[in-house]
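Written below as structure tokens is the structure these notes are about.
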Amino acid sequence: MHVPELMSKRTLPDPVIAGKFVCQIRYSEELLILNTIFSFIHVFMPVSLNMLANCLILASISRRKANIHRTRYWSQWIRQFHRHGHLFISPTLTIACILPQLVLTLLFSCVDINSKWLLRLNTSFALIIHIPQAATFFLFIVPSRAYFEVFRHHSWIGKHLYRLRRRHNTIIPITTLNAGTTMRI
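Count the sequence shown with the numbering used here and you get residues 881 to 1065, in order.
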């Protein structure tokens, strides 16, 4: 909960159920503008800094490789982008998950309690925002060869999953069994 939300909370009677109350946040005009600006900064600043850092990393690697191998900078940049493209998955997915909630919030600042489809849509978009945090393993560990090898060799879960995978991927030779023998697996 943000400080402007704490300052702007109001208790109102529930329009649907008599005798119940609903907590609503009503911002003043200045606080609404300030909250919108802070929300944009809170979301887009880390993502844009992450993208900028990734581009600078690729530029540094590409410049070094172009000088060493006497090749063109942009061809090295494209090659490094293909090699390290997993760095761009997380910020791109974060933006893709945040945009629906952002559009819904900007279009419908106050929602009538009787329009259930809009409330459900708002709730589902609010849950979609958390996909990047919940999928950290699939965003960072699985796409990167180096991280995945460390996970596989140094964590007990990785070792166990590797053993299970190896056991299920083994090829059992088909042999003809004598009438009295059984096959052990």
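For glycine and all other residues, C-beta sits at the position ideal for the given N, C-alpha and C.
| Asked | Found |
| --- | --- |
| Chain-order list of residues whose beta-carbon lies under 6 Å from that of residue 1008 (same chain, five-residue window excluded) | 977 |
| Where residue 902 sits in the DSSP three-state scheme | strand |
| contact_flag[the stretch 944 to 958, the stretch 912 to 932] where n(CB pairs < 8 Å) is 3 or more | no |
| Inter-residue spacing [alpha-carbon to alpha-carbon] between residue 1012 and residue 924 | 14 Å |
| Whole-angstrom C-beta distance between residue 1019 and residue 973, which should lie under 8 Å | 7 Å |
| Distance CB(residue 984)-CB(residue 1001) smaller than 8 Å | yes |
| Short Cβ contact (8 Å threshold) for residue 960 with residue 938 | yes |
| Those residues which DSSP pairs with residue 945 across a bridge | Answer by DSSP bridge pairing: none, since residue 945 is not bridged. |
| Supposed close pair residue 916, residue 901 - CB separation, criterion 8 Å | That pair is no contact at about 27 Å. |
| Status (buried if at least 16 other CB within 10 Å, exposed otherwise) for residue 1031 | buried |
| Option in 968, 935, 971, 970 with minimal Cα separation from residue 957 | 935 |
| Assigned exposure category for residue 896 - 16 Cβ within 10 Å defines buried | exposed |
| Counterpart residues of residue 973 in DSSP-defined beta bridges | According to DSSP, which records beta bridges pairwise, residue 973 is partnered with nothing at all. |
| Reduced DSSP category for residue 893 - H, G, I as helix; E, B as strand; rest coil | strand |
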